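Notes follow once the structure below has been shown.
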């Protein structure tokens, strides 16, 4: 059985590593492969990467047939996520929704076993509260507050429709801000903030972090959740949260960094580039992982100290 991973970014590459490490066949479909960055994560990366666009149904079908794909992990999303969708709404809508529609429809027609969709935990923070008035009302329907979240909600609903109407085994994972080993471009605000933090510390520079509070998760734990969702049988539910299990304040992160990496200097910065790392809503509590732990067997292996140490050691081992 071969798993097709659409998107060779940080989640796609680390998911591929998890499949490779478990001796599972896989292929990555990527429109603009970042070969060096992918090669830093998986071995023989050129052998596993195919150039193609999920918006091209013919290429998608051809890759599935040529590689005898039976399952798909769909990670493709617009560049820079929330901020990118705000700047280029039509492109984000087209790629996220129509790309997912192509994956679902081709999976239905070719009778693939499963589609695992990478959704987003922005759906837990970027929703307007329902106005319950004691009866069924349009206001009871979840209302997203930005373009990116709207596309993710639409994709989840389409996947659930394909599951209910056509029997496609569809699972959606909702990770919070994902960070971890990756030298390529892409990712959201908090992901790039953590990337900048590690890179600056590794170079002996003063690092900055945003004052905005939000939960993050280490990419190796996201890859763990992807693998478990793919191989899981008879999963009771179809939507699962993926997080670290707790929220760390900027001050706590600074303390952890200084304890894990001696001599590091980190400050909380409110202006300049830090403005783009602002979260839409400051989370008051971490994601509820009860369902993910019980049904997927997902348990985060990296709390912040372990994640910081692992990321730093990876960076230093490759880039000095």
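In the working numbering, the protein residues as written are 651 to 970. Glycine included, each C-beta is placed from N, C-alpha and C at the ideal position. All values reported here derive from a predicted model rather than from experimental measurement.
Supposed close pair residue i, residue j - CB separation, criterion 8 angstroms
i, j, result
"residue 821", "residue 872", "Going by Cβ atoms, the distance from residue 821 to residue 872 rounds to 14 angstroms, so no, they are not a contact pair."
"residue 968", "residue 771", "Actually they do not touch by this definition, with Cβ atoms about 29 angstroms apart."
"residue 725", "residue 768", "5 angstroms"
"residue 756", "residue 801", "19 angstroms between Cβ atoms; not a contact."
"residue 888", "residue 762", "The Cβ separation is near 16 angstroms, so there is no contact."
"residue 904", "residue 916", "5 angstroms"
Residue i - containing beta strand (DSSP E), residue span
i, result
"residue 974", "Here the chain comprises residues numbered 651 to 970, so residue 974 is not present and cannot be evaluated."
"residue 839", "Taken as a continuous stretch (DSSP letters only), residue 839 belongs to no beta strand (DSSP E), being part of the alpha helix (DSSP H) at 839-852."
"residue 722", "719-724"
"residue 766", "764-768"
Residue i, enclosing alpha helix (DSSP H) - first and last residue
i, result
"residue 966", "954-969"
"residue 757", "749-759"
"residue 689", "685-689"
"residue 938", "Counting along the chain, residue 938 falls outside any alpha helix (DSSP H), and DSSP gives it neither H nor E."
"residue 713", "707-716"
"residue 734", "731-737"
Beta-bridge partners of residue i, as assigned by DSSP
i, result
"residue 680", "701"
"residue 905", "Partner(s): none; residue 905 has no beta bridge."
"residue 778", "793"
"residue 656", "679, 724"
"residue 868", "829"
"residue 819", "764"
"residue 859", "918"
Buried/exposed call for residue i, threshold 16 Cβ in 10 Å
i, result
"residue 735", "buried"
"residue 740", "exposed"
"residue 673", "exposed"
"residue 909", "exposed"
"residue 949", "exposed"
"residue 842", "buried"
"residue 825", "buried"
"residue 791", "exposed"
Neighbourhood of residue i by C-beta distance below 8 angstroms, restricted to the same chain and skipping five residues each side
i, result
"residue 685", "695, 696, 699"
"residue 962", "848, 851, 852, 910, 911"
Sequence-distant residues of its chain with Cβ nearer than 6 angstroms to residue i (five each side left out)
i, result
"residue 668", "873, 877"
"residue 783", "Model confidence at residue 783 stands at a pLDDT of 49, short of 50, so the residue's coordinates are unreliable; what they give is reported in the following sentence. Taken in chain order, the list of residues that qualify is empty."
"residue 942", "890, 891, 948"
Chain-order list of residues whose beta-carbon lies under 7 angstroms from that of residue i (same chain, five-residue window excluded)
i, result
"residue 729", "836"
"residue 924", "Interpretation of residue 924 is limited by its pLDDT of 49, a score under 50 that renders its predicted location unreliable; the figure taken from the coordinates is listed afterwards. Excluding sequence neighbours, residue 924 sits near 858, 860."
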